[in-house]
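Accompanying notes for the structure given below.
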Amino acid sequence: MSTPIKNIAILGSTGSIGTQTLDVIKDNPGLFRAFMITGFTNSYLLIQQAIAFVPEYVIICNEEKYAEVKAALSHLPIKVLGGYEAIKDMVTHQDIDIVLTAMVGFAGLEPTINAIKAGKDIALANKETLVVAGELITELAKEHNVKILPVDSEHSAIFQCLVGEENNPIEKIILTASGGPFRGKTTEFLAGVTREHALKHPNWVMGAKITIDSASLMNKGLEVIEAKWLFGLEAEQIDVIVHPQSIVHSLVQFEDGSIKAQMGLPDMKLPIQYALSYPNRVKNNFKRFDFVNYPNLTFEKADMDTFRNLKMAYEALNRKGNMPCIVNAANEVAVAAFLKNEVGFLAMSDIIETCMARIAYVAQPTLADYLNTDKETRIFAQNLIMQMPLKAYDFNEK
Ligand code: NAD
Ligand code: MG
Numbered sequence: 001m002s003t004p005i006k007n008i009a010i011l012g013s014t015g016s017i018g019t020q021t022l023d024v025i026k027d028n029p030g031l032f033r034a035f036m037i038t039g040f041t042n043s044y045l046l047i048q049q050a051i052a053f054v055p056e057y058v059i060i061c062n063e064e065k066y067a068e069v070k071a072a073l074s075h076l077p078i079k080v081l082g083g084y085e086a087i088k089d090m091v092t093h094q095d096i097d098i099v100l101t102a103m104v105g106f107a108g109l110e111p112t113i114n115a116i117k118a119g120k121d122i123a124l125a126n127k128e129t130l131v132v133a134g135e136l137i138t139e140l141a142k143e144h145n146v147k148i149l150p151v152d153s154e155h156s157a158i159f160q161c162l163v164g165e166e167n168n169p170i171e172k173i174i175l176t177a178s179g180g181p182f183r184g185k186t187t188e189f190l191a192g193v194t195r196e197h198a199l200k201h202p203n204w205v206m207g208a209k210i211t212i213d214s215a216s217l218m219n220k221g222l223e224v225i226e227a228k229w230l231f232g233l234e235a236e237q238i239d240v241i242v243h244p245q246s247i248v249h250s251l252v253q254f255e256d257g258s259i260k261a262q263m264g265l266p267d268m269k270l271p272i273q274y275a276l277s278y279p280n281r282v283k284n285n286f287k288r289f290d291f292v293n294y295p296n297l298t299f300e301k302a303d304m305d306t307f308r309n310l311k312m313a314y315e316a317l318n319r320k321g322n323m324p325c326i327v328n329a330a331n332e333v334a335v336a337a338f339l340k341n342e343v344g345f346l347a348m349s350d351i352i353e354t355c356m357a358r359i360a361y362v363a364q365p366t367l368a369d370y371l372n373t374d375k376e377t378r379i380f381a382q383n384l385i386m387q388m389p390l391k392a393y394d395f396n397e398k
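Heads up: the sequence shown runs through residues 1 to 398, numbered per this note's numbering.
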């Protein structure tokens, strides 16, 4: 019996995860259809994607680009909409089977909530949603009987290791981290790095924000919080280990001491495909891993003293409430400022630390509290940045 084609809504189709999701859909026309695609400002790419995939809906978030997208697609049977509100509304469309959240940052939260309330399964790449409001999202998903299928490679690895282990408690999980471009470096070195250094990730090609997060180990911090909510764990049950080759994507240790790992070459298309095809595996022609080419798979302790963001993420997780939301907002503002050469690399951690100390703590936040905390933290962090003296080094020299 053939399975029906799944209609996929891709939020953020013009990004790194979004374009790779379209590659997976293109390779499996009998399994998946791009039903809705959305982009922020890259109208050119969104139009090209729409022409290639002819989805039912195309949404351009930036309304100034709406007329251009609408005109370019007028000869095709595609409904074109503009604005963030349209994304929030249309994710509930009755014909959507899975919403793949590949937008970056806090913007993923509200569309994800609406999609869950409409009973849509979520293929979750947008980790910030779970960082900000993990408790609210996982409770909603339970209430609406919705699956949250991880796209993040580490969480997909754990998810894959847990198949068939439903009755076996997890003792702990071990998230692997590549260590990023600054693995082994000192604080003095980090004081002088620029965005160009930080944007060069050794193993993965990704969007700018997550690439900076990977260099600062904030990405791993966000992933620790993401894992807590996806797998129902306590902070003490989540370990991080640096594994520079990015072949072991993460591991689960059970109560008998047995450890399961999921491995493969670093390629996001595999976790994307698994999230869309779960519980089935789909044959593909992705490049295969060969042990002979990797005689040394190495593992080392993460340096949380030099890379303070990881330590702060654990602290936020322990302090609960709106603390992870504060960390996320402060980090988004700090990373954006670093990408504009407005602050140095280490200042990003200072901004997060100050926000954690200064923004009002809420123990049991509602959605309104999260929206408020996010807004308040952004304003506060932005003001902090304006008061910061530019670092002593010259950005242009490095
Ligand atoms: P990206 O910057 O390449 O793409 C982001 C996409 O979101 C683009 O399509 C953009 O148009 C859209 N977008 C950005 N801001 C928006 C806003 N305010 N409103 C609506 N749409 C907006 O990012 P990416 O690397 O694809 O990452 C996307 C998400 O997936 C992030 O949460 C990231 O942490 C997560 N993720 C990415 C990777 C990866 O390999 N790239 C791996 C794991 C997890
Ligand atoms: Mg990851």
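Note that CB positions come from ideal geometry on N, CA and C, so glycine has one too. Because the structure is a prediction, the values reported are computed rather than measured.
Going along the chain, which residues put their C-beta within less than 6 Å of some heavy atom in the ligand MG? Taken from the N-terminal end onward, the list reads D152, S153, E154, E223.
Using the Cα positions of A118 and P324, report the straight-line distance between them to the nearest angstrom. Taking the straight line from one Cα to the other gives about 26 Å.
With DSSP as the reference, identify every bridge partner of Y57, one or two as the case may be. In the DSSP output, where bridge partners are listed per residue, Y57 has M36, K79.
Under the three-state DSSP convention, the category L124 falls into: Three-state DSSP puts L124 in a strand.
Here's the rule: buried if 16 or more other CB atoms are within 10 angstroms of the residue's CB, otherwise exposed. What is E143? When all chains shown are included, E143 counts as exposed.
Heavy atom of the ligand NAD less than 6 Å from the Cβ of C325, yes or no? False, no ligand heavy atom lies under 6 Å from that Cβ.
Confirm, please, whether the CB-CB distance from F254 to E171 is below 7 Å. Yes, Cβ-Cβ distance for E171 and F254 is below 7 Å.
Unbroken stretches of the alpha helix (DSSP H), 4 residues or longer, contained in the region 318 to 358: You should have 323 to 339, 345 to 358.
Identify every residue that forms a DSSP beta bridge with P399. Outside the displayed range of the chain (1 to 398) lies residue 399, so it cannot be described from this structure.
Have a look at L251 and V292 and give me their C-alpha separation to the nearest angstrom. Between L251 and V292, the C-alpha separation is close to 21 Å.
Once you ignore the five residues that flank I416 on each side, which residues in its own chain have a CB closer than 7 Å to its CB? Past the boundaries of the shown model lies residue 416; the chain is included only from 1 to 398, so the question cannot be answered.
Return the first residue and the last residue of the alpha helix (DSSP H) that A71 is part of. A71 -> alpha helix (DSSP H) spans 66 to 72.
Evaluate A157 with the Cβ neighbour count: other Cβ atoms within 10 Å of its Cβ, from every protein chain shown; 16 or more gives buried, anything less gives exposed. Counting Cβ neighbours within 10 Å, A157 comes out buried, since at least 16 surround it.
Out of Y66, V69, E166, I96, state which residue places its alpha-carbon closest to the alpha-carbon of L276. In terms of CA proximity to L276, I96 leads the group Y66, V69, E166, I96.
So for N203, helix, strand or coil by DSSP? N203: coil per DSSP, three-state reduction.
May I ask you to report which of helix, strand or coil DSSP gives E223? E223 carries a helical assignment under DSSP once its states are collapsed to helix, strand and coil.
Supposed close pair I241, I173 - CB separation, criterion 8 Å: About 11 Å; that fails the 8 Å criterion.
For P389, which residues in the same chain have their Cβ closer than 8 Å to its Cβ, ignoring the five residues on either side in sequence? Excluding residues within five positions, none has a Cβ falling inside 8 Å.
Let me check you understand the geometry: is the CB of I59 closer than 6 Å to at least one non-hydrogen atom of the ligand NAD? I59: no, Cβ never under 6 Å from the ligand NAD.
Do L217 and F307 have their C-beta atoms within less than 7 Å of each other? Cβ distance < 7 Å, so L217 and F307 count as in contact.
With DSSP as the reference, label K185 as helix, strand or coil. Here K185 carries a coil assignment [DSSP, helix/strand/coil].
How close, in whole Å, do the beta carbons of I98 and D121 come, if the pair is a contact with beta carbons under 8 Å? Taking C-beta atoms under 8 Å as the contact rule, I98 and D121 qualify, at a distance of about 5 Å.
Determine, using beta carbons only, whether L136 and I116 come nearer to each other than 7 Å. The criterion of a C-beta distance shorter than 7 Å is not satisfied by L136 and I116.
Pairing CB atoms from the region 338 to 347 with CB atoms from the region 189 to 198, are three or more of them under 8 Å? Yes, the region 338 to 347 touches the region 189 to 198.
Is it the case that the CB of M36 approaches a heavy atom of the ligand NAD more closely than 6 Å? False, no ligand heavy atom lies under 6 Å from that Cβ.
Taking the alpha carbon of I359 as the reference point, which residue from N322, D350, N341 has its own alpha carbon closest? That would be N322, whose Cα lies nearest to the Cα of I359.
Does the beta carbon of K127 fall short of 6 Å from some heavy atom of the ligand NAD? Under cutoff, so the answer is yes.
According to DSSP, residues forming a beta bridge with I98: Looking at the DSSP output, I98 sits in a beta bridge with I8, D121.
Any heavy atom of the ligand NAD within a distance shorter than 6 Å of the CB on M103? Yes - the ligand NAD has a heavy atom lying nearer than 6 Å to the Cβ of M103.
Nearest-angstrom Cα separation, counted from G108 out to V69: As the crow flies, the alpha-carbon of V69 is around 22 Å from that of G108.
Would the region 365 to 384 count as touching the region 226 to 243 if we require 3 or more Cβ pairs under 8 Å? No, the region 365 to 384 is not in contact with the region 226 to 243.
Quick one: Cα of D350 to Cα of E315, how far? C-alpha separation (whole angstroms): 15 Å.
Can you tell which of C355, I47, F106 has its C-alpha closest to the C-alpha of V80? A check of alpha carbon separations from V80 across C355, I47, F106 identifies I47 as the nearest.
Considering just the uninterrupted stretch of the beta strand (DSSP E) at M90, what are its terminal residues? Boundaries for M90: no beta strand (DSSP E) harbours it, while the alpha helix (DSSP H) harbouring it runs 84 to 90, taken from the DSSP string.
Let me know if N280 comes out buried or exposed under the rule of 16 or more other beta-carbons within 10 Å of its beta-carbon. Classification of N280: exposed, given that the 10 Å Cβ count is below 16.
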